[in-house]
Amino acid sequence: MKITFPHMGTAYIPFRALIQGVGYHAVVPPRCTQKTLALGTRHAPESACLPLKINIGNYLEAQQQGAEGILMAGGIGPCRFGFYGTVQKEILQDIGIALEMLIIEPPQQGWSAFINQLSYLTRKVTKGEIAQTLALTWAKFTACDRLEKESLKTRAYEATLGDTSRVLHHSLELVDQASSLQMVRQAVRTGLTSFKAVAKDLDREVLTVGVVGEIYTLLEPFANFYLEERLGELGVIVQRQVWFSEWILHHIVLSAFKKRRNGNLLRLAKPYLTHFVGGHGLETVAHTAAMAKTGADGIIHILPFTCMPEIVAQSILPEVSRDYQIPVLTLVVDEHSAEAGIHTRLEAFVDLLHNHKRAFQKASKGVETFGKKEMYPIA
Amino acid sequence: MTSVVGMPRALAYHDYFPFWEAFFDGFGVRLTASPPTNKALVHEGVRRAVDGTCFPVKILLGHVHWLIENGYTTIFLPRFVSVAPKEYICPKFMGLPDMVQATFGTKAKFLVPTIDLNLPKKCFYEQIQTLGSEFGCSPKQTKLAFRQGLEALRDYRDALLKGRWPANSNSQNADNNQPTLEVEGKKSLKVGLLGHSYLIYDDFANMHIVNKLQNMEVEVMTVDMLPDERIDAQSLAWPKRMFWTSGRRILGAAREYVEMRIPGIIYVTAFACGTDSLTAELVERTLRRESPIPQLILNLDEHTGEAGIVTRLEAFVDMLRWRINR
């Protein structure tokens, strides 16, 4: 069976390794475009959040390339992602698309069901091969994240626009093609060397901006209008706070065994949000405080329209912003968002951060007599 | 300590107010709700909410604003995480007290017990005891008050099951304009309502939809008029057990309506409601395939015009009558 899956940033690389490793043919959907979104919007419920719509578009485009099944994750709530697969299945059935949905429910729904699902999916291969596949998949997850992290630092200094992105795409392709752990490691090494070799303008006045929010819109560049690339070109070191490999570690591996996760970080959210709210709502608040402490110049909070956990965070962030004196820009995206609008706001925000930083530097040198608080009331 | 505590008449109020009222009564505290939702109140809520917030949360912010403006210094705002094991209410309910406190700051003292039945029952009782001790209550007294609350809740649910409307079964703040339903069932046309209690029982939010239907001589059923056993049994017939309690009840009720051969179903939902965006989609698609019952989905928010609702209700009811007489 040819199996496809939804796009989510670079995750197609490890997903491809995973599916092929257990003996299926992987169909990677075409890169997300406006056409993908238009297809999804046509069939998805109007008030569903953006990722569900893009997912549907991915499935339909992958089906045209011969996909027969879809690998999708389930969930136990409270975020509505847990019901994505179920609803998507109904939608595909109604529009007469014969794609089999393989929804993997997390072990919290019941270990026996979880193991049954996995053994059904891996019935074609031996246990040794499963172990090898998992190792390779995990290596690719961490490799992609490692390379992306490096690109975020490099891009802010690049002398020629687009150099970093070219290196990144090339080295990600090497990771994608790697068929063994050694080859993955080699690809990462090559990538890191190439990043070093990118011509840099080290005198550039760069800013550091933390990017927080809902995981899909953070990870999928199409959903965030290539926010990271755009910011990098504007001379901003982007510190994305959510990574797929870390998410897997915390939410799948550790939480299955009821282990406590990132407690120190979440403690920072305590004064503002005292309970987890699903998704990354709590992490958004905590990361904003943590980034402010480490001296970031600003925070960008991104979420799909009507995202429940992030709306809680969005309501609370003004307080964090005020207390820590850090500017926060919230970007809400859906199928009506337009690239020009988002980019204008990013440019304006970066300008604001530059001014903010310069004024702060002046103020701290004693040139200006204003105190911090009076000068920059962030309402 | 304070002897009067305010509770916003929104969201969880509609399901649990009688419980809390009797509970607080148990140690001599009066729990008073804000008045029924009105235009001015919604306006205040909308002003304070971040855009993208759902209509019911905007309404809640309006009610909290009213309480603060009217001198309530203590506001009761429980954090509802889960009211049944392995289920949630909605992510916004979980962060609601924090959203409210971020919006209103320290203008009032908020009493925020956490209701989370995903945790062992012990934790829930601890929360109740802490609440009692806030008012200088002994553990024994609190336990008694808690029992009293449960009894009130049981009576309230029984009344709902029998087709009474909340304000009538509720001693305090009874609204006179709330409709009473004749369960005797002389009326020929029955319509099943689906939706969260905070929309179905909030007459301003739903544009008096129940009154309007009754004026058209339509008998109205709600999710709460169906016995829990039926809802639980029917909700298992769906492909995946839903993890939102109200969503699960809506799914169960939808199937039960189908089995009752109810002539029409109206799904009342609110703009930007996250849980309904998928629950309503499941109901709509599944029922359309499996049954001939017509469905109407009404999506409400602060911009909803009454004329639009009336037109759609009339057209829907006409169509149902036409189908029956055909």
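Sequence lines, in order, name chains R and D. Per the working numbering, the first sequence starts with residue 1, numbered consecutively. Per the working numbering, the second sequence starts with residue 1001, numbered consecutively. Glycine is no exception: its CB is placed at the ideal position from the N, C-alpha and C atoms. Note that the structure is a prediction, hence the values are computed from the model and not measured.
Buried/exposed call for residue i, threshold 16 Cβ in 10 Å
i	result
R/TRP111	exposed
R/LYS270	exposed
D/PHE1204	exposed
R/ASN55	buried
R/LEU202	exposed
D/ASP1276	buried
D/LYS1212	buried
R/GLU220	buried
D/VAL1283	buried
D/VAL1005	buried
R/SER171	buried
D/ARG1249	buried
R/HIS336	exposed
R/HIS169	exposed
D/MET1242	buried
DSSP state of residue i mapped onto helix, strand, coil
i	result
D/PRO1139	helix
D/HIS1303	coil
D/MET1216	coil
R/LYS53	helix
D/VAL1029	coil
R/PHE193	Phe is not the amino acid found at residue 193 of chain R; the sequence shown has Thr there. It is helical.
R/HIS169	helix
D/GLU1182	Confidence at D/GLU1182 is low in this model, with a pLDDT of 47, below 50, so its placement is unreliable and the value that follows should be read with caution. Three-state result, D/GLU1182: coil.
R/ARG155	helix
D/THR1222	coil
D/GLU1240	Glu is not the amino acid found at residue 1240 of chain D; the sequence shown has Lys there. Looking at D/LYS1240 - three-state DSSP - the assignment turns out to be coil, as it is neither helix nor strand.
R/ARG80	helix
R/PRO107	helix
D/MET1207	coil
D/GLY1045	helix
D/ARG1261	coil
R/TYR226	coil
D/LEU1278	helix
D/GLN1295	strand
N-terminal and C-terminal residue of the alpha helix (DSSP H) that residue i is part of
i	result
D/ASP1098	1091 to 1104
R/ALA11	Per DSSP, R/ALA11 belongs to no alpha helix (DSSP H) and is neither H nor E.
D/PRO1018	1013 to 1025
D/LEU1061	1055 to 1069
R/MET1	Looking at the DSSP string, R/MET1 is not in any alpha helix (DSSP H), and its letter there is neither H nor E.
R/ALA290	281 to 293
D/PHE1124	1121 to 1134
R/PHE244	244 to 247
R/GLN239	Where R/GLN239 is concerned, there is no enclosing alpha helix (DSSP H), although the beta strand (DSSP E) it sits in stretches over 236 to 240.
D/ILE1200	1197 to 1200
Unbroken beta strand (DSSP E) run spanning residue i, endpoints
i	result
R/THR330	328 to 333
D/ASP1116	1114 to 1116
D/VAL1081	1079 to 1082
D/VAL1191	1189 to 1194
D/ALA1270	1264 to 1270
R/ILE302	298 to 304
R/VAL211	207 to 213
D/THR1074	1074 to 1076
R/ALA73	69 to 73
Close-in-space but distant-in-sequence residues of the same chain around residue i (CB under 6 Å, 5 per side omitted)
i	result
D/ILE1115	PRO1078 and PHE1080
D/PHE1024	LEU1031
R/ARG80	none
D/LEU1181	For D/LEU1181, the predicted structure reports a pLDDT of 48, less than 50, and the residue's modelled location is therefore unreliable. A value from the coordinates is still provided. So the list reads GLY1163, once near-sequence residues are dropped.
R/GLU129	none
7 Å CB neighbourhood of residue i in its chain, flanking five on each side removed
i	result
D/TYR1198	ALA1010, LEU1011, HIS1014 and PRO1056
D/PRO1179	With a pLDDT of 47 at D/PRO1179, under the threshold of 50, the predicted position of this residue should be treated as unreliable, and no value is reported.
R/LEU18	THR133 and THR137
R/ALA44	LEU52, LYS53, ILE56 and ILE91
Cβ-based neighbour list, residue i, same chain, cut-off 8 Å, excluding 5 preceding and 5 following
i	result
D/VAL1258	LEU1287, GLU1290, SER1291 and ILE1293
R/VAL188	ALA143, ARG146, LEU147, SER171 and VAL175
Any non-hydrogen atom of the ligand GDP within 7 Å of residue i CB
i	result
R/GLY77	This structure simply doesn't include the ligand GDP, nor any ligand for that matter.
Do the region 314 to 331 of chain R and the region 237 to 246 of chain R touch if we need at least three Cβ pairs shorter than 8 Å?
-> no
Please list the residues of the region 1035 to 1057 of chain D that have a C-beta atom closer than 7 Å to any C-beta atom in chain C, keeping them in chain order.
-> The structure shown contains no chain C; the protein chains it does contain are R and D.
Any 3 or more C-beta pairs closer than 8 Å across the region 81 to 97 of chain R and the region 1100 to 1115 of chain D = no
Do the region 149 to 159 of chain R and the region 190 to 197 of chain R meet, that is, are 3 or more Cβ pairs less than 8 Å apart?
-> yes
May I ask you to verify whether the region 1212 to 1231 of chain D touches the region 1039 to 1053 of chain D, counting CB pairs closer than 8 Å and requiring at least 3?
-> no
So, do the region 282 to 299 of chain R and the region 1105 to 1115 of chain D have three or more beta carbon pairs nearer to each other than 8 Å?
-> With a cut-off of 8 Å, the region 1105 to 1115 of chain D and the region 282 to 299 of chain R do not count as touching, because too few Cβ pairs lie within range.
Quick check: the region 65 to 76 of chain R against the region 1290 to 1309 of chain D, are there 3 or more CB pairs under 8 Å?
-> no
Given 8 Å as the limit, is there contact between the region 202 to 218 of chain R and the region 240 to 248 of chain R, that is, 3 or more CB pairs closer than that?
-> Output reads yes: the region 240 to 248 of chain R touches the region 202 to 218 of chain R.
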